[in-house]
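Just so it is clear: in the sequence shown, position 20 is 80 by the numbering used here, and no numbers are missing. Even for Gly, the Cβ is constructed at its ideal location relative to N, Cα and C.
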Amino acid sequence: MPSVQVLLVEDDLRVREVLAAYLEVDGYTVALASDGQEGYDLAMAEPPALIVTDIMMPRMDGVTMVRRLRQTPQHRATPVLLISGHSDPPVDPELRTGPLLYIAKPVTLGGFLGALRKLLRTAEEPG
61 MPSVQVLLVE DDLRVREVLA AYLEVDGYTV ALASDGQEGY DLAMAEPPAL
111 IVTDIMMPRM DGVTMVRRLR QTPQHRATPV LLISGHSDPP VDPELRTGPL
161 LYIAKPVTLG GFLGALRKLL RTAEEPG
């Protein structure tokens with residue numbers, strides 16, 4: 061099975077390194093961005109199969125990045141995993157035009173990889 065390309069957008073270097081290691085150990089190919097603007101630019105240049113993003117970041121937050129990406133044809137259905145230090149997920153219907161899951165920090169290996177697998181299964185379902 062070919063590796064799934066994941067765009068990981070996280071401003072905290074330590075969290076970004078840990079999540080990237082989780083992804084790589086599980087066989088994913090990872091592209092890294094440190095804020096929403098960089099993530100948006102990378103996603104537009106080379107569309108990933110899945111986006112994992114923090115919500116609160118400088119320059120452009122994760123919600124704004126996903127909202128902007130969802131407005132483009134190539135990203136309307138890209139699966140997105142939102143990660144935040146807050147327990148309440150953002151309520152934004154524009155984000156839900158494609159597969160979306162939300163998990164709160166702190167993120168465990170099992171919870172993180174389980175959410176990714178669920179998100180990918182949801183994205184593969186017809187209809």
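Is the separation between the beta-carbon of residue i and that of residue j shorter than 8 Å?
i, j, result
"A93", "L73", "no"
"H135", "P107", "yes"
"V64", "G122", "no"
To the nearest angstrom, how far is the alpha carbon of residue i from that of residue j?
i, j, result
"T182", "I111", "14 Å"
"L169", "Y82", "7 Å"
"V78", "R177", "18 Å"
"I143", "L161", "9 Å"
Which residues does DSSP list as the beta-bridge partners of residue i?
i, result
"Y162", "L142"
When you compare each of the options to residue i by their alpha carbons, which one comes out closest?
i, options, result
"E84", "E184, F172, E185, L179", "F172"
"T179", "V140, K165, D114", "The sequence shown places Leu at residue 179, rather than the Thr named in the question. Out of V140, K165, D114, V140 has the C-alpha closest to the C-alpha of L179."
"T138", "T113, P166, M120, V167", "T113"
"E75", "V126, G174, P166, A175", "The sequence shown places Val at residue 75, rather than the Glu named in the question. It is P166."
Looking at C-beta atoms only, is the number of pairs between the stretch 126-133 and the stretch 81-93 that lie closer than 8 Å three or more? At 8 Å Cβ cutoff, the stretches do not touch.
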